[in-house]
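Colleague: Per full-length UniProt numbering, residue 1 is the first one in the sequence shown, and the count goes up by one each step. Using N, Cα and C, we set each Cβ at its ideal position, and we do this for glycine too.
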Amino acid sequence: MPFNVKHGDEEIASAAVSRMKWDTAIPSDAVKAKVEEGWFTLTGEVDWHYQQDAAAYDVRGLWGVVGVSNEITIKPRPNTSEIRDDIIVALDRSWFDPATINVTAQGGKVTLTGNVKSWCERDEATAAAWAAAGTTNVENDIAVI
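So this is what it looks like as structure tokens:
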């Protein structure tokens, strides 16, 4: 399609809704999209971080999209000790020494502290935290030594 062809906001929004309906990672009717001059604002509530990312990914590549503000929230789990325990179990199943990483959870906000040997290990710890149901934010204060 030539670069001088413009799509209206309604046309772009319709394409986004259609794409998100076909994406099995996104719960039906969980995400709402608003478009102004090609800029998307996504709102709604989902259970998992990957669902939040999937919605933004779906609309980001559409023709005519200028940018995306992802304001989708993740439903917090009521039991924060459960979130913490899930993350610790996940880290323990991987190759992490449980003594090197400390996990705290308050509401859905998870804070990771401690020391690891590589950036890859640090990133893996972040991924494990995001994978726990109810995680709404991850603050990774792990030092690479």
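For residue 1, does the count of other Cβ atoms within 10 angstroms reach 16, so buried, or fall short, so exposed?
Modeller: If you number the sequence shown from 1, residue 1 lands on position 1. Residue placement at residue 1 is flagged as unreliable, the pLDDT there being 47, under the threshold of 50; the coordinate-derived value follows with that caveat. When all chains shown are included, residue 1 counts as exposed.
Colleague: Following the continuous beta strand (DSSP E) through residue 139, name the residue where it begins and the one where it ends.
Modeller: Here residue 139 is taken as the residue at index 139 of the sequence shown, counted from 1. 137 to 144 is the span of the beta strand (DSSP E), which, as asked, contains residue 139.
Colleague: Who are residue 45's beta bridge partners in DSSP?
Modeller: Counting from 1 along the sequence shown, the entry for residue 45 is found at position 45. Residue 45 is bridged to 73.
Colleague: For residue 49, I'd like the list of residues in its chain whose CB is within less than 8 angstroms of its CB, leaving aside the five on either flank, ordered along the chain.
Modeller: Start at 1 with the first residue of the sequence shown, and residue 49 comes out as number 49. Scanning its chain for C-beta atoms nearer than 8 angstroms, with the 5 sequence neighbours on each side dropped, one finds around residue 49 the residues 74, 130, 131, 135, in chain order.
Colleague: In the DSSP assignment, the beta strand (DSSP E) including residue 33 goes from what residue to what residue?
Modeller: Residue mapping note: residue 33 aligns to position 33 of the sequence shown, counting from 1. Unbroken beta strand (DSSP E) run through residue 33: 31 to 36.
Colleague: Nearest CA to the CA of residue 47: which residue from 66, 27, 34, 33?
Modeller: For this step, residue 47 is matched to residue 47 along the sequence shown. Checked all of 66, 27, 34, 33; the closest Cα to residue 47 is 27.
Colleague: Which partner residues does residue 105 have in the DSSP bridge list?
Modeller: Numbered from its first residue, the sequence shown carries residue 105 at position 105. Note: residue 105 sits in a beta bridge opposite 110.
Colleague: Out of curiosity, what's the CA-to-CA distance linking residue 89 and residue 96?
Modeller: Position 89 of the sequence shown holds residue 89. Position 96 of the sequence shown holds residue 96. Approximately 10 angstroms, taken between the alpha carbons.
Colleague: Let's see if you can read the secondary structure: which residues bound the alpha helix (DSSP H) around residue 99?
Modeller: Taking the first residue of the sequence shown as position 1, residue 99 is located at position 99. Note, residue 99: premise wrong, no alpha helix (DSSP H); not H, not E.
Colleague: Any idea which residues DSSP pairs residue 115 with across the strands?
Modeller: As a position in the sequence shown, residue 115 is number 115, starting the count at 1. According to DSSP, residue 115 bridges with 143.
Colleague: Thinking C-beta only, is residue 45 closer than 8 angstroms to residue 30?
Modeller: Walking along the sequence shown from the start, residue 30 turns up at place 30. Walking along the sequence shown from the start, residue 45 turns up at place 45. The answer is yes: Cβ separation under 8 angstroms.
Colleague: Secondary structure at residue 130, three-state DSSP: helix, strand or coil?
Modeller: What you label residue 130 is simply residue 130 of the sequence shown in a count that begins at 1. Looking at residue 130 - three-state DSSP - the assignment turns out to be helix.
Colleague: May I have the straight-line CA-CA distance separating residue 61 from residue 68, to the nearest angstrom?
Modeller: As a first step, residue 61 is located in the sequence shown; it is residue number 61 there, counting from the start. As a first step, residue 68 is located in the sequence shown; it is residue number 68 there, counting from the start. Computed Cα separation, rounded: 10 angstroms.
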